[in-house]
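*Asks:* Okay, handing you the structure first.
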Amino acid sequence: MTVPAQESPEYVRTSLAAAMTIGKVQGRFYRDAKLYCINILLTYDEGCHAKCAYCGLSGSRQTEREWTENSFIRVDWPVFPVEDIKQALHDGTCPHVERVCVSMITHRRAREDCLTVVRDLRDVIPHISVLITPTIINRDWLERAKEAGADKVGIAIDAATPEIFEKLRGRGVRGPHKWERYWQTVADAVEIFGPENVGIHLIVGIGETEREMVMAIQRAQNLGARTHLFSFFPEEGSVMEDWPQPPIGAYRRVQLARYIINKGIGSAHDMQFNERGQIVSFGIADDVLEQVIADGEAFMTSGCSGETMDNACNRPFGNCTPYQASVGHWRNFPMRPSPEDIELVRQQIWDYSTEYHEPEVDSDIER
Ligand code: SF4
Numbered sequence: 045m046t047v048p049a050q051e052s053p054e055y056v057r058t059s060l061a062a063a064m065t066i067g068k069v070q071g072r073f074y075r076d077a078k079l080y081c082i083n084i085l086l087t088y089d090e091g092c093h094a095k096c097a098y099c100g101l102s103g104s105r106q107t108e109r110e111w112t113e114n115s116f117i118r119v120d121w122p123v124f125p126v127e128d129i130k131q132a133l134h135d136g137t138c139p140h141v142e143r144v145c146v147s148m149i150t151h152r153r154a155r156e157d158c159l160t161v162v163r164d165l166r167d168v169i170p171h172i173s174v175l176i177t178p179t180i181i182n183r184d185w186l187e188r189a190k191e192a193g194a195d196k197v198g199i200a201i202d203a204a205t206p207e208i209f210e211k212l213r214g215r216g217v218r219g220p221h222k223w224e225r226y227w228q229t230v231a232d233a234v235e236i237f238g239p240e241n242v243g244i245h246l247i248v249g250i251g252e253t254e255r256e257m258v259m260a261i262q263r264a265q266n267l268g269a270r271t272h273l274f275s276f277f278p279e280e281g282s283v284m285e286d287w288p289q290p291p292i293g294a295y296r297r298v299q300l301a302r303y304i305i306n307k308g309i310g311s312a313h314d315m316q317f318n319e320r321g322q323i324v325s326f327g328i329a330d331d332v333l334e335q336v337i338a339d340g341e342a343f344m345t346s347g348c349s350g351e352t353m354d355n356a357c358n359r360p361f362g363n364c365t366p367y368q369a370s371v372g373h374w375r376n377f378p379m380r381p382s383p384e385d386i387e388l389v390r391q392q393i394w395d396y397s398t399e400y401h402e403p404e405v406d407s408d409i410e411r
């Protein structure tokens, strides 16, 4: 018997955190973190036609598992009818949710299906982001996405330099993506959606220096786009499954620099770097730096805002395991860090280790 395909636009995948939030999967988040944005992903039996080396959805992934079982930003993505998500947003299952994000993949049907899903959801939620694939859309499509009901755009540039982009997403993996096209789409999206409504995704730890990452964040800032920062996490079966996570110190410094740049407190051009490209000065007064660190927002997930929250898209455990969080190695805090968290973060900022070491402590949380 043939099982009917569960494909977009009728079906989508949700992050595991989103599946828990809409009541489809049982479970509790460590420290009772809550998810304020339902992240959904278009789905096709053929999968994604791109081949990005770090991605769990990549067409080049070396796994025996079916595409629909794969993970993407560390977590599993089960498939549900769009109707189920609408129902949960409508019936009060998750009243705290302030945003939905519809993510495309590189597939010829994704262009139209993304708009169909946005139109379908706009009756139940006023804030919808589209996380787009510049390779398969154009300026006209961006206008249509806005008309369909999207209010924000995310563009996953991911790599900080053209060389790394080319190696991991372009010619290096026989992938279709082009660096210049991605940045041109950022500029077009800012013109169409407005400066506060466009964000780029960048992944720390895929071969760049801190200096290169900070310059990419500043480039986006100069265009009017904010940066949503991710920490590399090796996806099983991807080309980079054995690549290490970035050192915690490197990630903290880039988080801090991103916040300083995106909030207009300082600029990459005033920051100082050592011979390894590590940040040694953030280029702002000591007392201002101390205020930024103590406030803690710099270390929270950077994502699209919602009705009441600056970072509604907070993706708990998108980039670290619950064990790592339990030993103070959250990469992106999904909630405001506690004073104890900040004490640890303060030490991590000035840790210049060049490799990541996971602490060994007694913990009843599985690694
Ligand atoms: S930050 Fe979150 S809501 Fe915004 S585009 Fe990225 S994944 Fe989507």
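Going by our numbering, the letters in the sequence shown line up with residues 45 to 411, in that order.
Using N, Cα and C, we set each Cβ at its ideal position, and we do this for glycine too.
(1) Alpha carbon to alpha carbon, how far is Arg-380 from Glu-341? Give it in angstroms, no decimals.
(2) What residue range is occupied by the uninterrupted alpha helix (DSSP H) comprising Arg-297?
(3) Could you check how far apart the C-beta atoms of Cys-138 and Thr-65 are, in whole angstroms? I think they sit under 8 Å.
(4) Under the rule that 16 or more other beta-carbon atoms within 10 Å means buried, what is Lys-190, buried or exposed?
(5) Can you check whether the CB of Ala-233 is closer than 8 Å to the CB of Ile-201?
(6) Counting only the same chain and skipping the five closest in sequence on each side, list residues whose C-beta sits under 6 Å from that of Gln-106.
(7) Applying the criterion that 16 or more other CB atoms from any shown protein chain within 10 Å of the CB defines a buried residue, is His-140 buried or exposed?
(8) Can you look up Cys-96 in the DSSP assignment and give me helix, strand or coil?
(9) Using 7 Å as the cut-off, classify the Cβ of Lys-196 as near or not near the heavy atoms of the ligand SF4, replying yes or no.
(10) Between which residues of its own chain and Gln-265 is the CB-CB distance below 6 Å, once the five residues before and five after are set aside?
(11) Which residue comes first and which comes last in the beta strand (DSSP E) that contains Ile-393?
(12) May I ask which residues mark the beginning and end of the beta strand (DSSP E) holding Cys-145?
(13) Over the uninterrupted beta strand (DSSP E) stretch that includes Lys-190, give me the two end residues.
(14) Does the region 177 to 194 come into contact with the region 233 to 251, if we say contact requires no fewer than three beta-carbon pairs (one atom in each stretch) closer than 8 Å?
(15) Any heavy atom of the ligand SF4 inside 7 Å of the beta-carbon of Arg-270?
(16) Which residues mark the beginning and the end of the alpha helix (DSSP H) in which Pro-366 is found?
(17) According to DSSP, simplified to helix, strand and coil, what is Leu-60?
(18) Taking 8 Å as the cut-off, does the region 263 to 277 touch the region 237 to 251 (at least 3 CB pairs, one atom from each stretch)?
(19) Report the three-state DSSP secondary structure of Trp-111 (helix, strand or coil).
(20) Express the C-alpha separation of Ser-370 and Phe-343 in angstroms, rounding to a whole number.
(21) Closer than 7 Å: is that where the CB of Cys-364 sits relative to any heavy atom of the ligand SF4?
(22) May I have the straight-line CA-CA distance separating Trp-111 from Asp-135, to the nearest angstrom?
(23) CA-CA distance, Asn-355 and Ser-349?
(24) Quick one: give me the first and last residue of the alpha helix (DSSP H) that Pro-206 is part of.
(25) Give a yes or no on contact between the region 84 to 102 and the region 146 to 164, applying the rule of three or more CB pairs nearer than 8 Å.
(26) CA-CA distance, Glu-113 and Lys-307?
(27) According to DSSP, simplified to helix, strand and coil, what is Lys-68?
(28) Beta strand (DSSP E) containing His-134: first to last residue?
(29) Between Glu-210, Arg-390, Leu-60 and Phe-73, which lies nearest to Pro-366 when the distance is taken from Cα to Cα?
(30) Distance, Cα to Cα, Ala-132 vs Ile-208?
(31) Determine the direct distance from the alpha carbon of Arg-143 to that of Asn-241, and round the result to whole angstroms.
(32) Arg-109 to Gly-100, Cα distance in whole Å?
(33) Is the closest heavy atom of the ligand SF4 to the C-beta of His-245 under 7 Å?
(34) Is Pro-378 near Thr-345, with beta carbons less than 8 Å apart?
(35) With a Cβ-Cβ cutoff of 8 Å, do Asn-363 and Gly-347 count as a contact?
*Replies:* With the given structure in hand:
(1) One Cα belongs to Glu-341, the other to Arg-380, and the distance between them is close to 6 Å.
(2) Unbroken alpha helix (DSSP H) run through Arg-297: 292 to 306.
(3) About 5 Å separates the Cβ atoms of Cys-138 and Thr-65, confirming a contact at the 8 Å cut-off.
(4) Using a 10 angstroms sphere on the CB of Lys-190, the tally of other CB atoms reaches 16 or more, which defines it as buried.
(5) Against a cut-off of 8 Å, the Cβ pair of Ala-233 and Ile-201 comes out as no contact.
(6) At Gln-106, the pLDDT of 41 sits below 50, so the modelled position is not reliable; the number obtained from the coordinates is stated separately. The answer, listed in chain order, is Gly-281.
(7) Exposed: under 16 other Cβ atoms inside 10 Å.
(8) In the displayed model, Cys-96 falls within coil according to three-state DSSP, outside both helix and strand.
(9) The nearest non-hydrogen atom of the ligand SF4 is less than 7 Å from the C-beta of Lys-196.
(10) Here the set comprises Ile-305.
(11) Premise fails: Ile-393 lies in the alpha helix (DSSP H), 383 to 393, not in any beta strand (DSSP E).
(12) In the DSSP annotation of this structure, the continuous segment of the beta strand (DSSP E) that includes Cys-145 starts and ends at 143 to 147.
(13) First-last for Lys-190: 183 to 192, but that is the alpha helix (DSSP H), not the beta strand (DSSP E).
(14) Verdict: yes, contact present.
(15) Of the heavy atoms belonging to the ligand SF4, none sits nearer than 7 Å to the Cβ of Arg-270.
(16) Judged by DSSP secondary structure, Pro-366 falls within the alpha helix (DSSP H) whose first and last residues are 366 to 370.
(17) Leu-60 falls in the helix class under three-state DSSP.
(18) Proximity of the region 237 to 251 to the region 263 to 277 meets the contact definition, three or more beta-carbon pairs being nearer than 8 Å.
(19) Any reading at Trp-111 must be qualified, since the residue scores a pLDDT of 44, below 50, and its modelled position is unreliable; the value itself is stated next. Helix.
(20) The straight-line gap from Cα to Cα measures roughly 16 Å.
(21) With a cutoff of 7 Å, Cys-364 does not count as near the ligand SF4, since its C-beta is closer than that to no heavy atom of the ligand.
(22) Residue placement at Trp-111 is poorly supported in this model, since its pLDDT is 44, which falls under 50; the coordinates still yield a value, given next. Each residue's Cα considered, the two are about 31 Å apart.
(23) If you take the alpha carbons of Asn-355 and Ser-349, they lie about 5 Å apart.
(24) From DSSP, the alpha helix (DSSP H) with Pro-206 extends over 206 to 212.
(25) Yes, the region 84 to 102 touches the region 146 to 164.
(26) Annotation note: pLDDT 48 at Glu-113 (below 50); position unreliable, no value reported.
(27) The DSSP-derived three-state label of Lys-68 is coil.
(28) That residue, His-134, is in no beta strand (DSSP E); its alpha helix (DSSP H) goes 126 to 134.
(29) It is Phe-73 whose Cα lies nearest to the Cα of Pro-366.
(30) So the two alpha carbons sit approximately 40 Å from each other.
(31) Rounded to whole angstroms, Asn-241 to Arg-143 spans 13 Å at the Cα level.
(32) With a pLDDT of 43 at Arg-109, under the threshold of 50, the predicted position of this residue should be treated as unreliable, though the coordinate-derived value follows. C-alpha separation (whole angstroms): 11 Å.
(33) At a cut-off of 7 Å, the beta-carbon of His-245 counts as near the ligand SF4: some heavy atom of the ligand is closer than that.
(34) By the CB criterion at 8 Å, Pro-378 and Thr-345 fall inside the cutoff.
(35) Contact: no.
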